[in-house]
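Asker: Residue numbers (my numbering): 58 to 423.
Just passing along the structure, written as structure tokens.
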Ligand code: F6P
């Protein structure tokens, strides 16, 4: 029987989304002759029944394109802004799914998308997900779409900052994406040879960083590269947050959010380092450059492997699962085991051990 499937991309965009859409669509059409619809702008498109037909023409020449031809969005199906009100639109999405006689929906996204997909799965919608995030913070998979490309961009940026920092005898603080997880900062910091790497998982002390830079200076290295994740926090702020968590209460979440919003900016970190080391400093915020442009070869391979495997899972009647990357192959893992969890960098991760072995300052006093 000819099946029909839908695809949507949700959350922040990342390189490799189009390569995944292509792999899903082409294998569905070529292998099984299925109909493929692409819902636009994430879950909002599903709610509004806004889609395009993904036929062979639509799927052609998109492998190397950045972004997503479907558009994306950060809407939550159970708390959607509709006409000025916040409404639960999960039932509307289910109706649209059924009206289009769909057999399955493929959702490509990160942490938020997995939480949203789980809500629809619990309503009875057969969904398969693909892991996508430049933050690499999804559990259960060896890799996520976009991480490798972003890693290449951030590493190249650090390479380029090295030569200018060296020429001017400066500290250059480079801010890298990742609010909760430091994978991208750690990996690009290692790959680019940063002298200091600050990640959200290891609270930093400006005094310890300044000390590490002063040691380099006295050994004749008059420049330093500091790679900082956008979610890195100081030891003092980490303690304040731990206190809020241990006190608990109805305002705990709001107080934690407020405390986080008061964390030192990258510009403030650079200023403090400048004052305590006597070296000139500059700041580079890489921002969305890390999410733009053509996917790396590895992300294209990952997208193709995961996308084609999604079709095989649907054909085998396996839904409610994420297609995870495991080594060179794939594995399926229930979406319920992925949603609401974050893959953080463990304190004893081999990359951290390796950084410390080279004398890289991780912001703490080890
Ligand atoms: O979740 C991926 C991510 O790229 C984070 O690293 C970053 O903090 C966030 O998205 C920014 O997203 P946006 O500016 O699109 O809301």
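Cβ atoms here follow ideal geometry from the backbone N, Cα and C, with glycine treated the same way.
Rounded to whole angstroms, how far is the Cβ of residue 228 from the Cβ of residue 336, which I believe are closer than 8 Å?
Answerer: That pair is a contact at about 5 Å.
Asker: Output the distance between the C-alpha atoms of residue 409 and residue 125, rounded to the nearest integer angstrom.
Answerer: Each residue's Cα considered, the two are about 33 Å apart.
Asker: Would residue 109 pass as a contact of residue 95 if the rule is Cβ separation under 8 Å?
Answerer: Cβ atoms of residue 109 and residue 95: closer than 8 Å.
Asker: Could you name the residues whose beta carbon sits closer than 6 Å to any heavy atom belonging to the ligand F6P, keeping them in chain order?
Answerer: Result: 69, 167, 190, 191, 192, 234, 235, 236, 287 and 348.
Asker: Am I right that residue 420 and residue 231 are in contact with their C-beta atoms under 8 Å? What's the rounded C-beta distance?
Answerer: Incorrect: roughly 14 Å between the Cβ atoms, too far for contact.
Asker: Considering Cα atoms alone, identify which of 367, 158, 372 and 377 is closest to residue 387.
Answerer: Residue 387 has its Cα closest to that of 367, out of 367, 158, 372 and 377.
Asker: Name the DSSP beta bridge partners of residue 133, please?
Answerer: In DSSP, residue 133 forms a bridge with 136.
Asker: Could you tell me if residue 404 is buried or exposed, where buried requires 16 or more neighbouring beta carbons within 10 angstroms of its beta carbon?
Answerer: Exposed, by the Cβ-count rule.
Asker: Which runs of the beta strand (DSSP E) at least 3 residues long sit entirely within the segment 316-367? Give them in chain order.
Answerer: With a minimum length of 3 residues, the continuous beta strand (DSSP E) runs that stay inside the segment 316-367 are 337-342.
Asker: Would you call the segment 324-336 in contact with the segment 293-309, where contact means no fewer than 3 C-beta pairs closer than 8 Å?
Answerer: Taking 8 Å as the limit for Cβ pairs, the verdict is that the segment 293-309 does not touch the segment 324-336.
Asker: With DSSP as the reference, please indicate the residues paired to residue 255 in a beta bridge.
Answerer: Answer is 285.
Asker: With DSSP collapsed to three states, give me the class of residue 204.
Answerer: In the structure shown, residue 204 sits in a helix (DSSP, three-state: H, G or I).
Asker: Closer than 6 Å by C-beta to residue 192: which residues in its own chain qualify, once you throw out the five before and the five after it? Chain order, please.
Answerer: Excluding sequence neighbours, residue 192 sits near 235 and 238.
Asker: Going by Cα to Cα distance, which pick from 373, 358, 396 and 147 is closest to residue 121?
Answerer: Considering only alpha carbons, the answer is 358.
Asker: Out of 265, 223 and 249, which one is the CA nearest neighbour of residue 277?
Answerer: Nearest C-alpha to residue 277: 223.
Asker: Using the Cα positions of residue 286 and residue 89, report the straight-line distance between them to the nearest angstrom.
Answerer: Spanning the two alpha carbons is a distance of roughly 44 Å.
Asker: Please go through the segment 81-105 and give each complete alpha helix (DSSP H) segment of 4 or more residues, from N-terminal end onward.
Answerer: DSSP runs (the alpha helix (DSSP H)) wholly in the segment 81-105: 100-105.
Asker: Nearest CA to the CA of residue 154: which residue from 165, 169, 184 and 136?
Answerer: It is 184.
Asker: For residue 65, which three-state DSSP category applies?
Answerer: In the structure shown, residue 65 sits in a strand (DSSP, three-state: E or B).
Asker: Is it true that the segment 73-91 meets the segment 361-379, where meeting means three or more beta-carbon pairs spaced less than 8 Å apart?
Answerer: Judged by Cβ distances under 8 Å, the segment 73-91 makes contact with the segment 361-379, as three or more pairs qualify.
Asker: Given residue 116, which residues of its chain have a CB within under 6 Å of its CB, disregarding the five upstream and five downstream residues?
Answerer: Excluding positions up to five away in sequence, the list reads 79, 82 and 83.
Asker: Please state whether DSSP places residue 401 in a helix, a strand or coil.
Answerer: Of the three classes helix, strand and coil, the one that applies to residue 401 here is coil, per DSSP.
Asker: Which residue wins for smallest C-alpha separation from residue 246, given the options 339, 226 and 219?
Answerer: Ranking 339, 226 and 219 by Cα distance to residue 246 puts 219 first.
Asker: Quick check on the DSSP output: the alpha helix (DSSP H) that includes residue 280 runs from which residue to which?
Answerer: Unbroken run through residue 280: none, as it is neither H nor E.
Asker: Using 8 Å as the limit for Cβ to Cβ distance, is residue 357 near chain C?
Answerer: The structure shown contains no chain C; it holds only a single protein chain.
Asker: From the DSSP secondary-structure annotation, give me the bridge partner or partners of residue 166.
Answerer: The partner list for residue 166 (beta bridge, DSSP) reads 188.
Asker: Mind checking residue 304: buried by the 16 CB within 10 Å criterion, or exposed?
Answerer: Exposed, because fewer than 16 other Cβ atoms sit within 10 Å of the Cβ of residue 304.
Asker: Do residue 322 and residue 271 count as a contact pair if the criterion is CB distance below 8 Å?
Answerer: No, the Cβ-Cβ distance between residue 271 and residue 322 is not below 8 Å.
Asker: Can you tell me the Cα-Cα spacing of residue 315 and residue 351, whole angstroms?
Answerer: Roughly 36 Å separates the two Cα atoms.
Asker: With a threshold of 16 other CB atoms inside 10 Å of the CB of residue 319, please say whether the residue is buried or exposed.
Answerer: With fewer than 16 other Cβ atoms within 10 Å, it is exposed.
Asker: Checking 8 Å against the spacing of the C-beta atoms, do residue 65 and residue 162 come in under that value?
Answerer: Contact: yes.
Asker: Could you check the C-alpha separation between residue 288 and residue 257 for me, to the nearest Å?
Answerer: Their backbone Cα atoms lie some 5 Å apart in a straight line.
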